[in-house]
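Just so you know, the sequences run in chain order G and B.
Residues 1 to 330 in full-length UniProt numbering are what the first sequence spells out, letter by letter.
Residues 1 to 330 in full-length UniProt numbering are what the second sequence spells out, letter by letter.
We treat Cβ as the ideally placed atom computed from N, Cα and C, and that holds for glycine.
Model, not experiment: these values are computed from the prediction.
See below for the structure under consideration.
There are 2 protein chains.
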Amino acid sequence: MKETAGGDRPVPAPADAPTAPAATPPVAPPVAPPARSAPAPGALAAKVRTLAPSMTRSMQRVAEAVAGDPAGSAALTVTGLAERTGTSEATVVRTARILGYPGYRDLRLALAALAAEQAAGRAPAVTADIAVDDPLPAVVAKLAQEEAQCLADTAAALDTAQLEAAVTALAGARRIDVYGIGASNLVGQDLVQKLLRIGLIAHAPADPHLAVTNAVQLRAGDVAVAITHSGRTTDVIEPLRVAFEHGATTLAITGRPEGGIAQYADHVLTTSSARESELRPAAMSSRTSQLLVVDCLFIGVAQRTYESAAPALSASYEALAHRHAPRSPR
Amino acid sequence: MKETAGGDRPVPAPADAPTAPAATPPVAPPVAPPARSAPAPGALAAKVRTLAPSMTRSMQRVAEAVAGDPAGSAALTVTGLAERTGTSEATVVRTARILGYPGYRDLRLALAALAAEQAAGRAPAVTADIAVDDPLPAVVAKLAQEEAQCLADTAAALDTAQLEAAVTALAGARRIDVYGIGASNLVGQDLVQKLLRIGLIAHAPADPHLAVTNAVQLRAGDVAVAITHSGRTTDVIEPLRVAFEHGATTLAITGRPEGGIAQYADHVLTTSSARESELRPAAMSSRTSQLLVVDCLFIGVAQRTYESAAPALSASYEALAHRHAPRSPR
DNA sequence: CACCTTTTGAAAGGTATTTTCAGGGTGGTG
DNA sequence: CACCACCCTGAAAATACCTTTCAAAAGGTG
């Protein structure tokens with residue numbers, strides 16, 4: 001009954017099983033896979049329009065309902081949809097058949113797929129600033145989106161040659177100092193933690209005075225890294241200047257590659273600042289960008305020193321194993 | 001997981017809605033609209049990864065099957081999927097439950113949706129692992145991509161209700177302690193820095209002993225936040241347990257929402273672990289996820305306390321102005 | 001090696017879907 | 001205007017599918 005369209009054309013009678021939906025008593029092997037063949041998911045609205053003429057009134061109501069609100073319909077059972085459209089289950093099933101599906105179950109799956117497709121289409125709509133009265137789900141979405149954008153921007157803008165040079169310097173360094181204040185200091189410590197794990201010698205003093213006294217100790221063969229979004233943080237510029245003047249190789253990770261800290265940096269790695277908003281100022285969003293750069297540095301160094309880095313990494317993980325509670329129940 | 005929290009302490013009985021996923025027998029009217037609350041469709045692979053450790057072997061087989069071939073699995077009935085994975089229907093249903101769906105029916109719908117989403121052009125994000133001999137530009141691209149994916153996964157999997165509850169707790173806290181070790185400690189410090197800027201009282205002791213002695217001081221009205229990717233770091237569980245037992249409201253930011261630290265947490269915020277690779281183990285990639293959660297918490301709290309937060313924020317920026325070198329040339 | 005806990009699948013028990021079937025329209029015809 | 005043939009429609013029966021229960025098997029632990 002499903003091929004209403006065909007009317008009664010001379011079926012070419014394909015030898016293969018037409019997979020008749022019903023009337024197939026599972027006589028044969030007990031494992032017979034159903035092998036459903038659902039039509040393409042999209043173009044449902046079009047199909048509804050095309051087939052509407054060949055539908056009865058109540059079927060049209062059902063068809064309109066599913067075409068108009070795929071997502072909502074997908075959430076309903078046959079009974080639910082029948083009620084919503086003021087028809088019966090049988091009619092819903094008949095409509096599904098007309099639309100080309102073996103039954104309502106499959107139509108429902110297709111609807112879910114269609115809804116997802118549509119939703120995916122208008123995903124990039126959330127670019128507005130985070131507002132004070134945004135509900136939390138919106139905040140989460142916007143934040144994730146902003147940070148992702150920030151990552152993409154940073155990756156695109158990162159100067160690979162500078163990165164290469166920076167990695168080379170770090171990989172061969174006798175000793176590494178990382179300067180940063182506030183949030184940038186945390187990024188610096190992240191870098192230090194990583195470098196320590198592959199056997200390098202690194203420090204990230206949080207105290208500006210300590211930073212300067214540390215910097216005095218550096219000389220050629222050592223590396224100093226300064227992290228500051230503004231590029232103008234005196235407490236970070238100072239130690240880098242000292243390191244620079246003592247002959248160390250200096251790197252700057254900053255959002256302001258001109259002037260400021262850049263004048264004392266042998267290699268500058270530029271971070272990109274995402275758009276500001278009142279609740280999330282630029283200084284705060286710079287962290288994501290800085291961390292990406294730091295990760296790139298680390299991976300680069302780890303690659304260069306793979307022979308020693310790999311065993312060092314494993315060793316550090318093993319050392320931590322005992323600090324974890326036993327895999328409790330399960 | 002929420003019921004693990006209860007323990008047996010004199011809960012102040014917050015009126016929070018647990019939103020129990022299953023176990024809601026449709027008692028009511030015969031027409032009761034199911035009102036299914038299916039989790040976000042995307043991020044399934046991430047969820048599988050996150051929850052895999054808390055699954056049994058056969059469940060893992062099922063989870064892998066659906067994550068590996070959503071489209072194919074969506075075409076199968078419970079029985080079919082059970083056969084394909086060499087398990088039973090019961091196991092399939094159990095797996096669906098673990099993944100957060102009321103039953104297999106809903107998982108199936110979600111799979112269809114996911115498959116459609118993937119097919120809809122959006123690249124399946126099958127970035128190859130970072131290899132030892134990848135050139136730097138490739139490393140940069142892959143890292144950025146992985147972290148972006150991680151952000152998306154986390155955002156999709158984040159439980160808004162839990163987040164809401166966490167924000168409420170933080171916004172009204174008398175005092176806030178944040179526990180974390182290693183990289184997670186840095187995340188904790190990031191949170192603390194932010195909270196301090198809007199006038200809250202927060203600490204993130206790095207020393208486990210200090211953390212415990214801090215925790216002893218907490219009582220009802222205070223909030224303790226634990227950050228640990230594995231959820232099993234003893235040095236982080238201990239202070240949270242102490243805080244919990246002293247009546248503080250406890251939050252956990254972890255990739256393992258079941259067992260471990262979750263048992264002492266009133267609210268659990270789940271981070272998603274990105275795929276591992278030799279050079280970039282899971283523990284390392286968890287940072288991105290954790291930071292997103294921390295940012296969400298912060299923005300949420302800042303919104304709630306806007307009246308006092310806004311001036312506090314401005315004040316803190318102003319205070320730093322003098323620590324910056326004058327906008328040199330230009 | 002006995003005991004306990006956890007995991008697992010078979011089968012019973014329910015829902016949801018599909019099919020059947022008869023009542024009720026509708027339009028045509030005498 | 002009455003009647004008939006046809007098809008639309010929904011109620012209810014039949015079936016397929018999903019969920020729950022329960023006892024056996026597997027895996028630890030003392």
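For the beta strand (DSSP E) containing residue 342 (chain G), name the first residue and the last one. An answer regarding residue 342 (chain G) cannot be provided, because it is not within the stretch 1 to 330 covered by chain G.
Local conformation of D222 (chain B) per DSSP, three classes: For this step, residue 222 (chain B) is matched to residue 222 along the second sequence. D222 (chain B) falls in the coil class under three-state DSSP.
Nearest neighbour of A248 (chain G), chosen from G:D177, G:S58 and G:E89 [CA to CA]: As a working note, residue 248 (chain G) is residue 248 in the first sequence. Among G:D177, G:S58 and G:E89, the Cα nearest to that of A248 (chain G) belongs to G:D177.
Below 7 Å on C-beta distance, what does P137 (chain B) contact in chain G? By 1-based counting over the second sequence, the position of residue 137 (chain B) is 137. Simply T160.
Tell me which residues of the region 228 to 247 of chain G have at least one Cβ-Cβ distance to chain B shorter than 8 Å, keeping chain order. S230, R232, T233, T234, D235 and I237
Skipping 5 residues on each side, what residues in its chain have a beta carbon closer than 6 Å to that of S88 (chain G)? Along the first sequence, read from residue 1 onward, the residue named residue 88 (chain G) stands at position 88. Hits under 6 Å: A82.
Chain G contact residues for Q193 (chain B), given Cβ-Cβ distances below 9 Å: As a position in the second sequence, residue 193 (chain B) is number 193, starting the count at 1. The answer, in chain order, is G182, A183 and L186.
Does the pairing of the region 255 to 271 of chain G with the region 235 to 247 of chain G give three or more beta-carbon distances under 8 Å? yes
Between the CA atoms of A155 (chain B) and D295 (chain G) - distance to the nearest angstrom: Start at 1 with the first residue of the first sequence, and residue 295 (chain G) comes out as number 295. Start at 1 with the first residue of the second sequence, and residue 155 (chain B) comes out as number 155. Each residue's Cα considered, the two are about 21 Å apart.
Sequence-distant residues of its chain with Cβ nearer than 8 Å to A23 (chain B) (five each side left out): Along the second sequence, one-based indexing puts residue 23 (chain B) at 23. Note on A23 (chain B): pLDDT 36, under 50, position unreliable in the model; the coordinate value appears next. So the list is empty, once near-sequence residues are dropped.
Between which two residues does the beta strand (DSSP E) holding Y179 (chain G) run? For the purposes of this step, residue 179 (chain G) is identified with residue 179 of the first sequence, where counting begins at 1. First-last of the beta strand (DSSP E) with Y179 (chain G): I176 to G180.
Within chain G, the residues that G72 (chain B) reaches when beta carbons sit closer than 9 Å: To locate residue 72 (chain B), count along the second sequence from 1; it is residue 72. Chain G residues near G72 (chain B): none, gap ~11 Å exceeds 9 Å.
How far does the alpha helix (DSSP H) with I237 (chain B) in it extend, from its first residue to its last? For the purposes of this step, residue 237 (chain B) is taken as the residue at position 237 of the second sequence. Note, I237 (chain B): alpha helix (DSSP H), T234 to E245.
When you compare the CB of C150 (chain B) with every CB in chain G, is at least one pair closer than 7 Å? By one-based count along the second sequence, residue 150 (chain B) stands at place 150. For C150 (chain B), the answer is no, since every Cβ of chain G falls outside 7 Å of its Cβ.
Beta-carbon neighbours of G300 (chain B), restricted to chain G and to distances below 8 Å: Reading the second sequence from its first residue, position 300 is the one you call residue 300 (chain B). Within chain G, the residues near G300 (chain B) are L136 and V139.
Quick check: T228 (chain B) and T254 (chain B), are their CB atoms within less than 7 Å of each other? In the second sequence, residue 228 (chain B) corresponds to position 228, counting from 1. In the second sequence, residue 254 (chain B) corresponds to position 254, counting from 1. In this structure, T254 (chain B) lies closer than 7 Å to T228 (chain B) by Cβ.
What are the boundary residues of the beta strand (DSSP E) that H267 (chain G) is part of? Indexing the first sequence from 1 puts residue 267 (chain G) at position 267. Its beta strand (DSSP E) spans residues H267 to T270.
Partner residues on chain B for E147 (chain G), Cβ-Cβ distance less than 9 Å: Stepping through the first sequence from its first residue, residue 147 (chain G) is reached at position 147. Under the 9 Å cutoff, chain B gives E147, A148, L151, T288, L291, L292 and D295.
For S328 (chain B), count neighbouring C-beta atoms within 10 Å of its own C-beta (all shown protein chains included) and say buried if the count is 16 or more, exposed if not. Taking the first residue of the second sequence as 1, we reach residue 328 (chain B) at position 328. In this prediction, S328 (chain B) scores a pLDDT of 46, lower than 50, which makes its location untrustworthy; the coordinate-derived value is nonetheless stated afterwards. When all chains shown are included, S328 (chain B) counts as exposed.
Under three-state DSSP, which class holds L99 (chain B)? The residue labelled residue 99 (chain B) in the question sits at position 99 within the second sequence. Coil.
Thinking just about the alpha-carbon of each residue, which of G:S314, G:S308, G:S285 and G:L313 is nearest to the one in I130 (chain G)? Numbered from 1 along the first sequence, position 130 holds the residue referred to as residue 130 (chain G). Residue G:S285 is the option with its Cα nearest to I130 (chain G).
Does V132 (chain G) get closer than 7 Å to chain B when you measure Cβ to Cβ? For this step, residue 132 (chain G) is matched to residue 132 along the first sequence. Yes, its Cβ sits closer than 7 Å to a Cβ of chain B.
Classify P135 (chain G): buried if its beta carbon has 16 or more other beta carbons within 10 angstroms, exposed otherwise. Position 135 of the first sequence, counting from 1, holds the residue named residue 135 (chain G). So P135 (chain G) ends up on the exposed side.
For L251 (chain G), which residues does DSSP report across the bridge? Working through the first sequence from its first residue, we reach residue 251 (chain G) at position 251. Partner(s): G:V225 and G:H267.
Option in B:E164, B:M55, B:I198 and B:A138 with minimal Cα separation from T305 (chain B): Residue 305 (chain B) sits at position 305 when you count from the first residue of the second sequence. Closest option to T305 (chain B), Cα to Cα, is B:I198.
With distances taken between CB atoms, is the gap from L114 (chain B) to L44 (chain B) smaller than 7 Å? Here residue 114 (chain B) refers to the residue found at position 114 when the second sequence is read from its first residue. Here residue 44 (chain B) refers to the residue found at position 44 when the second sequence is read from its first residue. Cβ distance < 7 Å, so L114 (chain B) and L44 (chain B) count as in contact.
Can you find a CB in chain G that lies within less than 7 Å of the CB of L269 (chain B)? Translated into positions along the second sequence, residue 269 (chain B) becomes position 269. No - not a single Cβ of chain G is within 7 Å of the one on L269 (chain B).
Just checking: is the beta-carbon of L200 (chain G) within a distance shorter than 7 Å of some beta-carbon in chain B? Translated into positions along the first sequence, residue 200 (chain G) becomes position 200. Answer no: the Cβ-Cβ gap between L200 (chain G) and chain B never drops below 7 Å.
Span of the alpha helix (DSSP H) around G80 (chain B): If you number the second sequence from 1, residue 80 (chain B) lands on position 80. V78 to R84 is the extent of the alpha helix (DSSP H) around G80 (chain B).
If the cut is a Cβ gap below 9 Å, which residues of chain G does E117 (chain B) touch? Along the second sequence, read from residue 1 onward, the residue named residue 117 (chain B) stands at position 117. Neighbours of E117 (chain B) on chain G, chain order: A113, A116, E117, A119 and A120.
Interface flag, D190 (chain B) vs chain G, CB-CB below 7 Å: As a working note, residue 190 (chain B) is residue 190 in the second sequence. Yes, because at least one Cβ of chain G sits closer than 7 Å to the Cβ of D190 (chain B).
Just curious, the alpha helix (DSSP H) that A71 (chain B) is in, first and last residue? To locate residue 71 (chain B), count along the second sequence from 1; it is residue 71. Unbroken alpha helix (DSSP H) run through A71 (chain B): P70 to A74.
Tell me the rounded alpha-carbon separation between V212 (chain G) and A46 (chain B). Position 212 of the first sequence, counting from 1, holds the residue named residue 212 (chain G). Position 46 of the second sequence, counting from 1, holds the residue named residue 46 (chain B). Going by the C-alpha atoms only, they are around 44 Å apart.
In this structure, does DSSP put A131 (chain G) in helix, strand or coil? One-based indexing of the first sequence puts residue 131 (chain G) at position 131. A131 (chain G): coil per DSSP, three-state reduction.
Go ahead and pull the three-state DSSP assignment for S314 (chain G). The sequence position of residue 314 (chain G) within the first sequence is 314, counting from 1. If DSSP states are grouped into helix, strand and coil, S314 (chain G) belongs with the helices.
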